[in-house]
Amino acid sequence: MQKQVYLQTYGCQMNERDSEEILGMLTAQGYGLVQREEEADVILLNTCSVRAHAEERAFGKMGLMQQLKQERPDLVLGILGCMAKAQREAIFRRLPQVDLVAGPAEIYDLPDLLAKIAEKRQREGLGVATRLMAVDRKVRPLDQKPAGDHRQGRVTAFVTIMEGCDKKCAYCIVPVTRGQEVSRPIGEILEEVQQLARAGFKQVMLLGQNVNSYGKRFPDGSGYQGPKRRERLLALEDDGREETPADSHDDGTRLCDFPVLLRQIDAETGIPWVKFTTSHPFDAHERLFRAMAECRSVCEFLHLPVQSGSDRLLRAMRRGYTVESYLAKVARLRELCPGISLSTDIIVGFPGETDEDFEATMALMERVRYDSAFIFKYSPRPGTEAAKWVDDVPRQVKEARNQAALALQARISREKLERWVGREIEVLLEERNRRGQLAGHTRGHLNVVCDGPDALIGELATVRVQRVTATTLIGVLA
Ligand code: 5AD
Ligand code: SF4
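Sequential numbering of the sequence shown, starting at 6, is according to this note's numbering.
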């Protein structure tokens, strides 16, 4: 009989995309998909470790799944994603009924792992949980994606372009959970985007922990390796000199970095809109801004997490830039791409954050006037550098700073949205929302809702804006 899989996803868009790939792999192997745990033979949780709250939610859910498994010992219970990497021992300790853990670098091993569990059960009977741990991988073999895909939407598609993160931000668990950076060969990305465009998708969101370091390391060991080498290659290119064979890259050009990828997607794939996330400010520079300005399909939107407006904290966080250098990049970007939308991530309550540090963050938010911002209360993540420091900002202070930053951003967002009232704006209509309205995004990634027929889902439309909320433009079809 066909085995049924239930999969729940926590965390970021990278994880959502991983889940699409996982479901694709499993359906290609003959599994069916179900929306309810009770109907499943295999329950998978694709987890997130970025903040304590995300882990608590997943542990809660896993506890419930354990109970289900006690009633049904034939069930396979698997924990995937970032927690599976960061907390593998703790998972088996706290949840002895778990059969399988596999981190983000190991998702392509999943069909094999499930087959192993089935074999073992045939040999030894159900009884105890299998407690199978995927073999630890440093990087995901991005050039060996198994057959099958299961995309959620029909309008916007996520496309993974790189995995992992080589940075060492003091607060962040991602380098532990997602491993070393590796970029997908450019040919495979171009082919995928081309196919998506042909299938009628209107927008791709290119995904990576730090898309700006795309091309640093490919699975075959080539790549520009580091910012210094990238500069050297660019200098060679400027001089018109030949590179050595060791410098050559998949696409035959000297340097295959993120701006090159954007330009090729723009020139070769026919996809109407391209967005991407996330960009580390350290690696975002002139070359990127120029590519954004010059490629018609690349949308006027950049998510550029600043984390803090205090140089002292930026140094403690090991972010590799100062407020001044960050603002200079924003100014240059706005020069080249006038009207570009900016969003950011901010952490409040990082160890040692004083009132002055926090005020500096608020001042920076006022200065940049982001279109939107995600504000997070710091939580120590075991295994990170900052987890060794005293988490000394009291809970109430973190909460108060969180509220203050949210209120400030809500005011700025609304003011920026209000400028659109009475004007027309181009929107990609993506879905029908829970209220039955058409919902979509602008090129600047602003949310828009309006009434209209189903036939417009997946179409570009012009909307006349009538009013706004703190997060959304509301209008009518023009
Ligand atoms: N505590 C709070 N926020 C965090 N982030 C990453 N690690 C932590 C942490 N330990 C935030 C950062 C990052 C976003 C994805 O999550 O702002 O950009
Ligand atoms: Fe969560 Fe970060 Fe992992 Fe995404 S990469 S799932 S945000 S820990």
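Ideal Cβ placement from N, Cα and C applies to all residues, glycine included. Values in this document were obtained by computation on a predicted structure and should not be read as measured data.
* What runs of the alpha helix (DSSP H), each 4 residues or longer, lie entirely inside the region 76-150? -> 87-91, 93-99, 115-129
* To do: May I have the straight-line CA-CA distance separating V402 from F355, to the nearest angstrom?
  => The count along the sequence shown starts at 1 and reaches residue 402 at position 397. The count along the sequence shown starts at 1 and reaches residue 355 at position 350. Taking the straight line from one Cα to the other gives about 11 Å.
* Asked: Pick out every residue whose C-beta is nearer than 6 Å to a heavy atom of the ligand 5AD: which are they, in chain order?
  -> V55, R56, Y176, C177, P310, Q312, D350, I352, F381, Y383, S384, R386
* Along the alpha helix (DSSP H) that carries N217, what are the first and last residues, could you check? => The residue given as residue 217 occupies position 212 in the sequence shown. It is not in any alpha helix (DSSP H) - N217 carries neither H nor E in the DSSP assignment.
* When the Cβ atoms of the region 132-151 are set against those of the region 105-114, are three or more pairs found closer than 8 Å? -> yes
* First and last residue of the uninterrupted beta strand (DSSP E) at S377 -> For the purposes of this step, residue 377 is identified with residue 372 of the sequence shown, where counting begins at 1. Taken as a continuous stretch (DSSP letters only), the beta strand (DSSP E) holding S377 covers 377-382.
* To do: Locate the beta strand (DSSP E) running through I352, then write down its first and last residues.
  => Counting from one through the sequence shown, the residue named residue 352 turns up at place 347. Note, I352: beta strand (DSSP E), 346-353.
* **V40 versus Q157: straight-line alpha-carbon distance, rounded** => Counted from its first residue, the sequence shown places residue 40 at position 35. Counted from its first residue, the sequence shown places residue 157 at position 152. Sequence inspection shows Gln at residue 40; the Val mentioned does not correspond to that position. The straight-line gap from Cα to Cα measures roughly 13 Å.
* The beta strand (DSSP E) enclosing G480, as first and last residue numbers -> As a first step, residue 480 must be located in the sequence shown, where it is residue number 475. Counting along the chain, the beta strand (DSSP E) containing G480 begins and ends at 477-482.
* Taking one C-beta from the region 197-208 and one from the region 123-141 each time, how about it: are there three or more such pairs within less than 8 Å? -> no
* Nearest to L31 by CA position, among L50, E44, K8, is which residue? -> The residue labelled residue 31 in the question sits at position 26 within the sequence shown. Taking only the C-alpha atoms, the option nearest L31 is K8.
* **C-beta atoms of I191 and C304 nearer than 7 Å** => Taking the first residue of the sequence shown as 1, we reach residue 191 at position 186. Taking the first residue of the sequence shown as 1, we reach residue 304 at position 299. Not in contact: I191 and C304 (Cβ atoms no closer than 7 Å).
* Asked: Three or more C-beta pairs closer than 8 Å, one from the region 321-331 and one from the region 291-302: is that the case here?
  -> no
* To do: Name, in chain order, the residues that DSSP records as bridge partners for L465.
  => Against the sequence shown, residue 465 aligns to sequence position 460. L465 pairs with L433.
* **Residue range of the unbroken beta strand (DSSP E) whose run includes A444** => For this step, residue 444 is matched to residue 439 along the sequence shown. Per DSSP, A444 belongs to the beta strand (DSSP E) from 443-446.
* **Cutoff 7 Å; reference Y331; Cβ partners in own chain excluding five residues on either side** => Numbered from 1 along the sequence shown, position 326 holds the residue referred to as residue 331. Once the five neighbours on either side are set aside, the close Cβ partners of Y331 are P286, V311.
* **Euclidean distance between Cα positions of V470 and I462** => In the sequence shown, counting from the first residue as 1, residue 470 sits at position 465. In the sequence shown, counting from the first residue as 1, residue 462 sits at position 457. For V470 and I462, the distance between alpha carbons rounds to 18 Å.
* Near G37, what residues of its chain come up, given a Cβ to Cβ distance below 6 Å and the 5 sequence neighbours on each side ignored? -> Counting from one through the sequence shown, the residue named residue 37 turns up at place 32. Q7, Q9.
* Asked: Does DSSP classify Y36 as helix, strand or coil?
  -> Sequence index remark: in the sequence shown, residue 36 carries index 31 (1-based). Of the three classes helix, strand and coil, the one that applies to Y36 here is coil, per DSSP.
* **Any C-beta of chain C under 7 Å from that of R156** => Of the protein chains in this structure there is only one, and it is not chain C.
* Asked: With DSSP run on the structure shown, which of helix, strand or coil describes R472?
  -> The count along the sequence shown starts at 1 and reaches residue 472 at position 467. Three-state result, R472: strand.
* Sequence-distant residues of its chain with Cβ nearer than 6 Å to F379 (five each side left out) -> Taking the first residue of the sequence shown as position 1, residue 379 is located at position 374. These residues qualify, in order along the chain: D350.
* Taking only the alpha-carbon atoms, compute the straight-line gap between E436 and N51 and give it to the nearest angstrom. => What you label residue 436 is simply residue 431 of the sequence shown in a count that begins at 1. What you label residue 51 is simply residue 46 of the sequence shown in a count that begins at 1. About 24 Å.
* **Residue from P277, G441, D456, S348 whose Cα sits closest to the Cα of V160** => Here residue 160 refers to the residue found at position 155 of the sequence shown. Nearest of P277, G441, D456, S348 to V160, Cα basis: P277.
* By how many angstroms is the C-alpha of L82 removed from the C-alpha of Y11? -> Numbered from its first residue, the sequence shown carries residue 11 at position 6. Numbered from its first residue, the sequence shown carries residue 82 at position 77. Taking the straight line from one Cα to the other gives about 10 Å.
* Asked: Taking just the CA atoms, how far does D171 sit from R222?
  -> Counting from 1 along the sequence shown, the entry for residue 222 is found at position 217. Counting from 1 along the sequence shown, the entry for residue 171 is found at position 166. Distance between the alpha carbons of R222 and D171: 11 Å.
* To do: Reducing DSSP to helix, strand and coil, say where I552 ends up.
  => There is no way to answer for residue 552, as the model of the chain reaches only from 6 to 483.
* Asked: Grouping DSSP H, G and I as helix and E and B as strand, with all else coil, what is E168?
  -> Looking up residue 168 in the sequence shown gives position 163. E168 falls in the strand class under three-state DSSP.
* Asked: DSSP state of Q200, grouped into three classes?
  -> The residue you call residue 200 lines up with position 195 of the sequence shown. Of the three classes helix, strand and coil, the one that applies to Q200 here is helix, per DSSP.
* Identify every run of the alpha helix (DSSP H) within the region 14-71, keeping only runs that are complete inside it and at least 4 residues long; order them along the chain. => 18-33
* Asked: On the three-state DSSP scale, how would you describe M6?
  -> Counted from its first residue, the sequence shown places residue 6 at position 1. M6 falls in the coil class under three-state DSSP.
* Taking buried to mean at least 16 other C-beta atoms within 10 Å of its own C-beta, is G108 buried or exposed? -> As a working mapping, residue 108 is identified with position 103 in the sequence shown. G108 comes out buried.
* **Nearest-angstrom Cα separation, counted from E371 out to A365** => Residue mapping note: residue 365 aligns to position 360 of the sequence shown, counting from 1. Residue mapping note: residue 371 aligns to position 366 of the sequence shown, counting from 1. Roughly 10 Å separates the two Cα atoms.
* Asked: Under a three-way DSSP split, which group does G257 fall into?
  -> Residue mapping note: residue 257 aligns to position 252 of the sequence shown, counting from 1. At G257, the pLDDT of 46 sits below 50, so the modelled position is not reliable and the matter cannot be decided from this model.
* Are the beta-carbon atoms of L309 and S346 separated by less than 7 Å? -> As a position in the sequence shown, residue 309 is number 304, starting the count at 1. As a position in the sequence shown, residue 346 is number 341, starting the count at 1. Taking 7 Å as the Cβ cut-off, L309 and S346 do not qualify as a contacting pair.
* Return the CA-CA distance between T447 and D456, expressed in angstroms with no decimal places. => In the sequence shown, the residue the question calls residue 447 occupies position 442. In the sequence shown, the residue the question calls residue 456 occupies position 451. Roughly 16 Å separates the two Cα atoms.
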